[in-house]
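S.K.: Sequential numbering of the sequence shown, starting at 2, is according to the working numbering.
No residue lacks a Cβ here, since even glycine has one placed at the ideal position from N, Cα and C.
Keep in mind that this is a model prediction, so the values were computed, not measured.
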Amino acid sequence: RHGAARRSLPPGTARHHRDLDITWLGLLADAPPSMDAVGYAVHERGFAGHMARTSDVTRYYLQCEPGTPADACSDERIWDELELRMGAAKYGPLHRGRILQRSVVELESDVLEPLRHGALFLAGDAAALTSPSAAKGANLAVLEAELLARALTDAFTTGDTEGLDGYSARCLTHIWRAQEFSHWMIGLLHGRSGTDGESLFHNSLRRARLASLRTSRSQQDWFAEHYVGV
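1. By Cβ distance below 8 angstroms, which residues in the same chain neighbour A124 in space, the five residues on each side in sequence not counted?
2. Taking only runs that begin and end inside the stretch 52 to 102, name each unbroken alpha helix (DSSP H) of 4 or more residues, in chain order.
3. Could you give the distance in angstroms between the alpha-carbon of Q102 and the alpha-carbon of H51?
4. Going by DSSP, what residue range makes up the beta strand (DSSP E) through T24?
5. Less than 6 angstroms separating the Cβ of T55 from some heavy atom of the ligand ZN?
6. DSSP beta-bridge partners for S239?
7. Check each candidate in A53, T158, H227 and P11 and name the one with the smallest Cα separation from L95.
8. Per DSSP, V105 forms a beta bridge with which residues?
9. Exposed or buried, which one is H191 when buried takes at least 16 other CB atoms within 10 Å?
10. Could you give the DSSP three-state label for R117: helix, strand or coil?
11. In whole angstroms, give me the CA-to-CA distance for V58 and M36.
12. For W16, count the other beta carbons within 10 Å of its own beta carbon; 16 or more makes it buried, fewer makes it exposed. Which is it?
13. Counting along the chain, where does the alpha helix (DSSP H) carrying A225 start and finish?
14. Less than 6 angstroms between C-beta atoms, sequence neighbours within five positions excluded: which residues of the same chain meet that for M87?
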């Protein structure tokens, strides 16, 4: 995102950016996963997430107030808050361990158009940023690298430049689809604490979405398709 490629973009490149005013504390714990799958917790105190990394290391996310320093809380307080939001009293305690790494993640979305400028092709974070709510960033980066590798192979081996000429448009189709699902997930996972009409409306929509995911097979199929694919 902050590399030489972005600093070399010509004038007129369109940048679509949105700050989401949501902050997560990203945690890497020296602890085995506490569940077999990815876990998303929706709680009145904020979002919490569980993502296995290895058999001994687990990634957690904990929503916090914007501006909160990464070292604001002790390990014990972090685990207590994670267990509260993830319903440990009902579903069982988390496997605790030493917090190996902390980082503050400010959720944002960012897309550049086009992704090609002459011989410069953008991919990964240089092309677009999505919030980690839908776990699409790495998927998109791998897809873009694959498309670019195939296009370059065709151009250098057969002289066919169709892949290079269509690289930007093809990638942006996937990027905007991922952005749409990411924003849907943001609305699903994050409530609003205010008592104004807009906050109440947002939270009511959120409850309706969660109810549909629990009860509607068609909604579950839609979610699975968009969560797994790009």
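M.R.: With the structure as the only source:
1. L116, A142, E145, A146, L149 and C172
2. 76 to 86 and 89 to 92
3. 15 angstroms
4. A15 to D31
5. With respect to the ligand ZN, the structure shown offers nothing to examine, as it has no ligands at all.
6. The question about residue 239 has no answer here: the residues shown for the chain are numbered 2 through 231.
7. A53
8. L26
9. buried
10. strand
11. 12 angstroms
12. Per the sequence shown, residue 16 should be read as Arg rather than Trp. The residue is exposed, with fewer than 16 neighbouring Cβ atoms inside 10 Å.
13. R218 to V229
14. A42 and A49
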